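Heads up, the sequence shown is in our numbering, so the first residue is 99 and it goes up one at a time.
Each residue gets a CB set at the ideal place from its N, CA and C atoms; glycine is no exception.
Since the structure is predicted, the reported quantities are computational estimates derived from the model, not experimental observations.
Here's the structure we're looking at; comments come further down.
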Amino acid sequence: MAATDFHMPVAPREAQRIIEQLVQQSLAHLRETVGEEPSKTRGRFIELENEARTSGHTTVQWPKISEFADEHVGIKKINEYIEKEWKTAPGGHDLCWLYAIDFIEKRSLEFNNLYIYRVRYSIPTRRSPIPRQTVCIYFTIDVSKVRPKHHPVKVLFAFETMSIIHQPNEFRFRQTWIEDIVLLKEKMARGIDF
């Protein structure tokens, strides 16, 4: 049935016209995004997002191997990374999220030392200052014993329920990830009867 069918009342005819227009726009959008040529508008949005991410602040300079003296350097740099990269990023976390950084352990291996840290996120409130659920992000700073001392340390991190290992310079923080982990923990806690 076409939108030019005049046997229909005015309201259904208008609704049919709007639906056909919406379908045509959706098909055009699909052709643009799935087609052989990359979408100009999509590329422009990615470019603008990258500009917004890099303008106005500098990226964290991780310490060189020779500068990494003890675990306190790692705590300071992880804190700097969160403050500069995650709080100011588009889609960064709200100010209500608080975090604490804990040094867990140092593992000495044959060719490197691994410094392991835990960053715990939570939303304490006046009603419950000690939150029931927290989100942990585990950072590992790899200080090589064999690489030249002027090279930077290698930093990796992972969210507690995700198996993907991230590197700071290849990562965009999204608050929805920590929200999803809290919701998952809430569902699990409700399912357990004591």
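CA nearest to the CA of residue 246, picked from 165, 205 and 267: When C-alpha distances from residue 246 are compared across 165, 205 and 267, the shortest belongs to 165.
Coarse secondary structure for residue 164, derived from DSSP in three states: helix
For residue 282, three-class secondary structure by DSSP: In the structure shown, residue 282 falls within a helical segment according to DSSP collapsed to helix, strand and coil.
Residue 114 versus residue 123 - alpha carbon distance: Their Cα atoms are separated by approximately 14 angstroms.
Chain-order list of residues whose beta-carbon lies under 7 angstroms from that of residue 283 (same chain, five-residue window excluded): 231
Cβ distance (whole Å) where residue 201 is taken to contact residue 169 below 8 angstroms: 4 angstroms
Bridge-paired residues (DSSP) for residue 256: 236
Simplified DSSP assignment, three categories, for residue 225: coil
Exposure of residue 153, with buried meaning 16 or more beta-carbon neighbours within 10 Å: Because the pLDDT at residue 153 is just 48, under 50, the model does not fix this residue reliably, and the value given afterwards should be weighed accordingly. Its Cβ having fewer than 16 others within 10 Å, residue 153 is exposed.
C-alpha distance - residue 285 paired with residue 213, whole-angstrom precision: 32 angstroms
In DSSP terms, what residue 210 is bridged to: 242
Euclidean distance between Cα positions of residue 279 and residue 228: So the alpha carbons of these two residues sit roughly 17 angstroms apart.
For residue 235, the nearest candidate out of 183, 276 and 130 (CA to CA): 276
Same chain, Cβ closer than 7 angstroms to residue 160, neighbours up to 5 away in sequence not counted: 175, 250, 251 and 253
Straight-line gap, residue 209 to residue 238 (C-alpha atoms, nearest Å): 15 angstroms
Residue 270 versus residue 112: straight-line alpha-carbon distance, rounded: 43 angstroms
Paired residues, beta bridge with residue 333 - DSSP: This structure does not reach residue 333, given that the chain is present from 99 up to 292, and the question cannot be answered.
Close Cβ partners of residue 179 (< 7 angstroms) along its chain, the five nearest in sequence each way excluded: 158 and 266
Cβ-Cβ distance between residue 199 and residue 225 below 9 angstroms: It is not a contact, given that the beta carbons lie outside the stated cut-off.
Nearest residue (CA-CA) to residue 272, options 259, 185, 163 and 211: Among 259, 185, 163 and 211, the Cα nearest to that of residue 272 is on 185.
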